[in-house]
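Chemist:
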Amino acid sequence: MASFSNLTIGIIVASFTVFQLLFHVVSSWVSTRITPGFNNLSQKRKIEWNSRTVSTFHALVVGGFCLYILVYDDAVNADRLWGDPSIVKLNIAITTGYLISDLLLIIYYWKAIGDKYFVIHHLAALYAYYFVLSKGLLAYFGNFRLLAEFSTPFVNQRWFFEILGYPKSSKANIVNGLLMTVVFFVVRIAVMPVYYSHVISSFGTEAFHRLGFAAQSAWIISSVVLDVMNVMWMVRIAKGCYRVIRLIGREEVKTHRNGKSD
129 MASFSNLTIG IIVASFTVFQ LLFHVVSSWV STRITPGFNN LSQKRKIEWN SRTVSTFHAL
189 VVGGFCLYIL VYDDAVNADR LWGDPSIVKL NIAITTGYLI SDLLLIIYYW KAIGDKYFVI
249 HHLAALYAYY FVLSKGLLAY FGNFRLLAEF STPFVNQRWF FEILGYPKSS KANIVNGLLM
309 TVVFFVVRIA VMPVYYSHVI SSFGTEAFHR LGFAAQSAWI ISSVVLDVMN VMWMVRIAKG
369 CYRVIRLIGR EEVKTHRNGK SD
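Using the working numbering, you'd call the opening residue of the sequence shown number 129 and step up by one each time.
1. Quick check: the Cα distance between residue 376 and residue 297, rounded to an integer number of angstroms?
2. Output the distance between the C-alpha atoms of residue 198 and residue 208, rounded to the nearest integer angstrom.
3. Use the C-beta contact count for residue 340: other C-beta atoms within 10 angstroms, 16 or more gives buried, fewer gives exposed.
4. Less than 6 Å between C-beta atoms, sequence neighbours within five positions excluded: which residues of the same chain meet that for residue 141?
5. Could you check which residue in 302, 164, 192, 223 has the C-alpha nearest to that of residue 260?
6. Run through DSSP, which three-state label would residue 208 get?
7. Just how far apart, CA to CA, sit residue 358 and residue 174?
8. Put residue 164 into one of helix, strand or coil per three-state DSSP.
9. Using a Cβ-Cβ distance under 8 Å, would residue 362 count as near chain D?
10. Counting only the same chain and skipping the five closest in sequence on each side, list residues whose C-beta sits under 8 Å from that of residue 241.
11. Note down the Cα distance separating residue 217 from residue 194, rounded to an integer number of angstroms.
12. Keeping to the same chain, check which residues put their C-beta closer than 6 Å to that of residue 133; ignore five residues upstream and five downstream.
13. Let me know the secondary structure DSSP gives residue 265 once reduced to three states.
14. Closer than 8 Å is the cut-off here; do at least three beta carbon pairs connect the segment 147-156 with the segment 277-294?
15. Starting from residue 289 and walking both ways along the alpha helix (DSSP H), at which residues does that stretch end?
16. Are the beta-carbon atoms belonging to residue 346 and residue 256 less than 8 Å from one another?
17. Hey, how far is the Cα of residue 273 from the Cα of residue 307?
18. Could you check how far apart the C-beta atoms of residue 147 and residue 226 are, in whole angstroms? I think they sit under 8 Å.
19. Take residue 292 and list the residues in its own chain whose beta-carbon comes closer than 6 Å to its own, dropping the five residues that flank it on each side.
20. Could you please give the first and the last residue of the uninterrupted alpha helix (DSSP H) stretch that includes residue 334?
21. Between which two residues does the alpha helix (DSSP H) holding residue 305 run?
22. I'd like to know whether the C-beta atoms of residue 210 and residue 366 end up nearer to each other than 8 Å.
23. Is it buried or exposed for residue 200, if we count other Cβ within 10 angstroms and need 16 for buried?
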């Protein structure tokens, strides 16, 4: 029977507590001191602001861990299905605490930050991470999914600029928008062939059969669900990037014409 170690439970609880404190206390306290515009936001906007601040912090922490594991954790990289999950469990336990915290906040503040796609995303991820944390299975693939977090800070920053009234044609907005599109594509879309080639190569192996139907189903279904949403989000981001590029073009044409008229 699957069970969680006391260390895993402790990390999840600590992570949950830290992210709740960041949302309810730290984010507002810091934001009022570094961003004067925060105090002018409506209560609904402040809730989403704090949610995105916490999201960015989580992304930087687990993204860094994820990259370290992919580069230096030989045990996990050598055996993608059954490799020693010790370090991966730490990272995924942190993420699990965050996902539970964020899911509860989404439900409680539904009118401000409610989003059915985020609920589906969080539940799918938690379902898959259950097998990593309780049985030590699929550590490589569980960690690989966390690469996606590198795009989160850019997505959140785009929202921050919009709420603070930065023009869409501003240099900061344009640079962040282009970086967001590129990074999102690289860590969520371009990596799909690599990820699924490893998935397919494991089919039919003895290690794959040892996983059992429940773990196999959780792994494949959650991966497909998450990547369908990634493609949907990529389409929206690409459309936004295209509009920004057209805006830059119009601004350059306008500048060129003004220069001639002068």
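We treat Cβ as the ideally placed atom computed from N, Cα and C, and that holds for glycine.
Modeler: So, to answer that:
1. Your numbering for residue 376 matches position 248 in the sequence shown. Your numbering for residue 297 matches position 169 in the sequence shown. Taking the straight line from one Cα to the other gives about 7 Å.
2. Walking along the sequence shown from the start, residue 198 turns up at place 70. Walking along the sequence shown from the start, residue 208 turns up at place 80. C-alpha separation (whole angstroms): 11 Å.
3. Within the sequence shown, the letter at position 212 stands for residue 340. So residue 340 counts as exposed.
4. Within the sequence shown, residue 141 is the residue found at index 13, counting from 1. Here the set comprises nothing.
5. Mapped onto the sequence shown, residue 260 falls at position 132. Per the Cα distances, 223.
6. In the sequence shown, the residue the question calls residue 208 occupies position 80. Residue 208 falls in the coil class under three-state DSSP.
7. What you label residue 358 is simply residue 230 of the sequence shown in a count that begins at 1. What you label residue 174 is simply residue 46 of the sequence shown in a count that begins at 1. The straight-line gap from Cα to Cα measures roughly 26 Å.
8. Position 36 of the sequence shown, counted from the start, is the residue given in the question as residue 164. It is helical.
9. Among the chains in the structure shown there is no chain D, since it carries only a single protein chain.
10. Here residue 241 refers to the residue found at position 113 of the sequence shown. Same-chain partners within the cutoff: 175, 176, 179, 233, 234.
11. Your numbering for residue 217 matches position 89 in the sequence shown. Your numbering for residue 194 matches position 66 in the sequence shown. One C-alpha to the other measures close to 11 Å.
12. Stepping through the sequence shown from its first residue, residue 133 is reached at position 5. For residue 133, where only same-chain residues beyond five positions count, there are no Cβ hits under 6 Å.
13. Translated into the one-based positions of the sequence shown, residue 265 becomes position 137. Coil.
14. no
15. As a position in the sequence shown, residue 289 is number 161, starting the count at 1. Looking at the DSSP string, the run of the alpha helix (DSSP H) that includes residue 289 is 280-291.
16. Mapped onto the sequence shown, residue 346 falls at position 218. Mapped onto the sequence shown, residue 256 falls at position 128. Closer than 8 Å, so yes.
17. One-based indexing of the sequence shown puts residue 273 at position 145. One-based indexing of the sequence shown puts residue 307 at position 179. About 20 Å.
18. Working through the sequence shown from its first residue, we reach residue 147 at position 19. Working through the sequence shown from its first residue, we reach residue 226 at position 98. That pair is a contact at about 5 Å.
19. As a first step, residue 292 must be located in the sequence shown, where it is residue number 164. Excluding positions up to five away in sequence, the list reads 165.
20. Indexing the sequence shown from 1 puts residue 334 at position 206. Note, residue 334: alpha helix (DSSP H), 334-339.
21. Reading the sequence shown from its first residue, position 177 is the one you call residue 305. Residue 305 -> alpha helix (DSSP H) spans 299-312.
22. Translated into the one-based positions of the sequence shown, residue 210 becomes position 82. Translated into the one-based positions of the sequence shown, residue 366 becomes position 238. In this structure, residue 366 does not lie closer than 8 Å to residue 210 by Cβ.
23. Here residue 200 corresponds to residue number 72 of the sequence shown, with the count starting at 1. So residue 200 ends up on the exposed side.
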